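Structure first, then comments.
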Amino acid sequence: MAEATANGLGQHTLHEAQAHDATATGIAPAEVHQEHPIKLYLVVWAWLFVLSACSYLVDYVGLQGYLRWSLILIFMMLKAGLIVAVFMHMAWERLALTYAVILPPILVLVFVAMMVFESDYTLLTRMVFFGAEP
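Once you know that position 51 of the sequence shown is 50 in numbering that gives the first Met the number 0, the rest is easy, because the numbers rise by one and skip nothing.
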């Protein structure tokens, strides 16, 4: 069953097969669980190690400014995405639950970006009407 998930057949195919097997053996479908291959976890762990090393290399190389912070945030989001998808089993959940967990932080980031652009406009408006001094 784990090979089917690793090959991308998806959870629905596995659930149907497990539910059929469970009803034939007299086991309730809720008691049947899905196991993932250890290789998947080791590969994700290796990617997390590589992304962390890249994040530290950004500081080691001495990048500054927006490039530094952009790279650090990109590596951070990639690591968080891997952790949520694999270790929290979000990759195998229903799409509605995935949207319920993933969509709110994305919307918060969109609103933060809107506030950043609005803050520049507000600062410029204050400088025009009230002068350059606080």
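Beta carbons are placed, not taken as given, at the ideal position from N, Cα and C, and that holds for glycine.
Note that the coordinates shown come from a computational prediction; the quantities given were computed from them, not determined experimentally.
Counting the other Cβ atoms within 10 Å of the Cβ of V42 gives fewer than 16, which makes it exposed. 9 Å or more divides the Cβ of L50 from the Cβ of L72. Contact annotation, Y40 with V83: C-beta distance approximately 14 Å; criterion of less than 8 Å not satisfied.
Residues of the same chain with a CB within less than 8 Å of the CB of F74, apart from the 5 flanking positions on each side, are L50, S51, C53, S54 and V57 in chain order. The continuous alpha helix (DSSP H) containing G80 extends over residues G64 to L81.
In this structure, the CA atom of R93 is about 54 Å from the CA atom of A131. Separation of the CB atoms of V107 and M89 is rounded to 18 Å, and the pair is thereby denied contact status at 8 Å. Across the structure, M114 and W46 are spaced so that their CA atoms are roughly 33 Å apart. Within the same chain, no residue comes within 8 Å of Y59 by CB-CB distance, once the 5 residues on both sides are set aside. Considering only D119, A95 and A79, the residue with the shortest C-alpha distance to W44 is A79. Taking 9 Å as the cut-off, the Cβ atoms of L70 and L62 count as close.
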